[in-house]
Amino acid sequence: MSPLATRAANIIAQVSPDVHADFALKREFANDPDLTPQDKRDLTRAVFAYYRWFRWFDHTSAVASRVNTALDLQRKFESSPSSVNPAHLSERALPAWALASIDFPSSAARTAYLLQLQREPALWLRPQRAYSSSLARILKPNSAPQSEVLNFKFQSAALSPTALRYEGQTDLFRTDEFKQGLFEIQDFASQLVGHACAPLPSETWWDACAGEGGKMLHLSDLMDNKGLIWASDRHTGRLATLRKRAGRAKAFNYRPVVWTGGPILPTKTKFDGILVDAPCSGVGTWQRNPHARWSTTETDVKELAEIQLLLLENTRKALKPGGRLIYAVCTITRQETTDVVRAFSLAHPELEPIPLLGLPAPKSGPATGHFLWPQELNANGMFIAAWRAKTA
Ligand SMILES: C[S@@+](CC[C@H](N)C(=O)[O-])C[C@H]1O[C@@H](n2cnc3c(N)ncnc32)[C@H](O)[C@@H]1O
């Protein structure tokens, strides 16, 4: 058995309902300073291939041998997607409950989604706006502005070409450009959430589920480090990481605050814009994190949809007249997307659904938000909806 398969099998042996595969990998890397960036990449590929092809192999064989089978399947699939039986894709790539919870716009979209789910994910960078062209130059030929690599349907002057897709081998976290805060690793779909907010430098925003600050840092850059962003989360540890990242990016226009999502808001301030990047099942990230396909449950989806609705309900009270509320989730289940939006819109006729990213509103019926599909973006699946508080 190859040393890679054996070591990957050891990491897989540590995975449990409480220890997810990405955490087991992180811990392994932290405990072994001799691992090179290439070793880490290979181990990550092997462990994730194992969970991507989890339902394709014989579970009586040794784990290391399953790892080899998974890597083989991945290689074959990447060079010839038709090597995989399409019926197997829908039966094996994800749990049946999850597939049934996604409303695809067409059967072609469903097939394309399933194929995308089995590909290795793309790596996206978000350069600070002032450095986007110089970074694209520095990272070439291993990166390309999204305008060059994608026939992207939302492409507009306002969006392009800030996102960069990176295909090189450098450990980006060790580059001077990263240490100086000139770019972040941020999925393309997540970057589109920032563009959907489109905050102005003169405005006051609330990033209500700011977590470690991925979107908050983008909002700050879009606001030219001016105005103010209240950045709240229920986890102090995540806010501590947010502060560290903001220091690196030299972002100063924010105020971190703990808020646990209840009806008592962290401030009496009324906002021009509120982003609720809500906790969700993460089904949209299953290409990047295939272990989650087998650890996420239908109950998670149901419980999270309730929390999402509650967060919208509590945050909307802080909107200024004319202010915008943006709802984003990195999932594509019906329960956490269109169902939440319908229920919230119905309860709040004083909020008017508004279009985003230049996308057309539906021809009939109420606006229910927009899906960002992995198969269209080569990125995470996300869902975004927005409302404006009507002025009297
Ligand atoms: C999707 S993550 C946010 C990611 C973050 N916006 C970013 O771009 O890096 C959702 C966040 O919501 C927070 N959260 C979960 N339940 C919450 C609640 N009831 N109130 C406030 N924040 C909550 C979690 O701690 C988590 O950091």
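What the sequence shown shows, in this note's numbering, is residues 738 to 1129, in sequence order. Even for Gly, the Cβ is constructed at its ideal location relative to N, Cα and C. Quick caveat: nothing in here was measured; it's all calculated off a predicted structure.
Buried/exposed call for residue i, threshold 16 Cβ in 10 Å
| i | result |
| --- | --- |
| PRO1027 | buried |
| ASP958 | buried |
| THR899 | buried |
| TRP834 | exposed |
| PRO1086 | exposed |
| ILE1001 | exposed |
| ASP970 | buried |
| ALA750 | exposed |
| LYS952 | buried |
| SER819 | exposed |
| PHE989 | exposed |
| VAL930 | buried |
| PHE1081 | buried |
| PRO754 | exposed |
| VAL1066 | buried |
| GLN928 | buried |
| PRO938 | exposed |
| PRO740 | exposed |
| VAL752 | buried |
| ASP840 | exposed |
| PRO1058 | exposed |
| PRO1090 | buried |
| GLN775 | exposed |
| ALA983 | buried |
| PRO1111 | buried |
| HIS796 | exposed |
For residue i: DSSP bridge partner residues
| i | result |
| --- | --- |
| ASP944 | ALA968 and LEU1012 |
| MET953 | Partner(s): none; MET953 has no beta bridge. |
| MET1119 | LEU1109 |
| VAL995 | ASP970 |
| LEU1064 | The sequence shown places Tyr at residue 1064, rather than the Leu named in the question. In DSSP, TYR1064 forms a bridge with VAL1013 and ALA1122. |
| TYR868 | DSSP lists no partner for TYR868. |
| PHE920 | PRO864 |
| ARG985 | According to DSSP, ARG985 bridges with nothing at all. |
| LEU1056 | PHE1008 |
| LEU1088 | ALA1126 |
Proximity winner among the options, relative to residue i (alpha-carbon distances)
| i | options | result |
| --- | --- | --- |
| ASP809 | ASP795, ALA830, ALA824 and ALA786 | ALA786 |
| TRP1023 | VAL752, LEU854, PHE814 and GLN811 | LEU854 |
| ARG1071 | GLY1021, ARG982 and ASN1051 | GLY1021 |
| LEU826 | ALA799, TRP793, SER816 and GLU857 | TRP793 |
| ASN768 | ILE748, PHE1120 and THR978 | ILE748 |
| TRP1133 | PRO770, ARG778, PHE814 and GLU765 | Because the chain here runs from 738 to 1129, residue 1133 falls outside it and cannot be looked at. |
| LEU872 | ILE922, PRO858, THR806 and ALA846 | ILE922 |
| VAL1013 | GLU1035, ARG902 and TRP967 | TRP967 |
| GLY964 | THR1034, PHE1008, PRO842 and GLU1040 | PHE1008 |
| GLY1106 | VAL756, ALA1123, GLU765 and VAL995 | ALA1123 |
| ALA807 | VAL752, ALA830 and MET960 | ALA830 |
| LYS1039 | PRO1058, GLY1019 and ARG1025 | GLY1019 |
| PRO864 | GLU857, LEU876, PRO858 and ARG856 | LEU876 |
| GLU949 | LYS1057, PRO993, PHE920 and ASP908 | PRO993 |
| LEU836 | CYS946, GLY1010, THR1068 and PRO938 | THR1068 |
| PRO936 | ILE1011, LEU909 and GLU1089 | ILE1011 |
| GLU1073 | LYS1005, LEU1083 and ILE1044 | ILE1044 |
| TYR991 | GLY999, LEU976 and GLY998 | LEU976 |
| THR743 | ARG782, SER802 and THR848 | SER802 |
| ASN962 | ALA1015, ALA761, TRP996 and THR941 | THR941 |
| GLU904 | LEU1083, LEU860 and PRO1016 | LEU860 |
| TRP1130 | ARG980, ALA758, LEU741 and ALA746 | Nothing can be reported for residue 1130: it is not among the residues displayed for the chain, which extend from 738 to 1129. |
| ARG1079 | ALA746, LEU1109 and ALA1042 | ALA1042 |
| CYS934 | ALA824, LEU956, THR797 and PHE841 | LEU956 |
| GLU1113 | THR1033, VAL995, PRO774 and ALA845 | ALA845 |
| PHE920 | ARG985, ALA1126 and VAL804 | ARG985 |
| VAL1077 | GLY1095, LEU780 and LEU1046 | LEU1046 |
| ASP779 | GLU857, PRO1092 and TYR868 | GLU857 |
Proximity test, Cβ basis, 7 Å: residue i and chain B
| i | result |
| --- | --- |
| PRO936 | Annotation note: the requested chain B is absent from the structure, which comprises a single protein chain. |
Open item on the list: Beta-carbon distances below 7 Å to any heavy atom of ligand 1 define the shell here; list its residues in chain order, please.
Closed with: The set of residues whose C-beta lies within less than 7 Å of a heavy atom of ligand 1 reads, in chain order, SER927, ASP944, ALA945, CYS946, ALA947, GLY948, GLU949, GLY950, GLY951, LYS952, MET953, SER969, ASP970, ARG971, HIS972, ARG975, TRP996, THR997, GLY998, ASP1014, ALA1015, PRO1016, CYS1017, ILE1044, LEU1048 and CYS1067.
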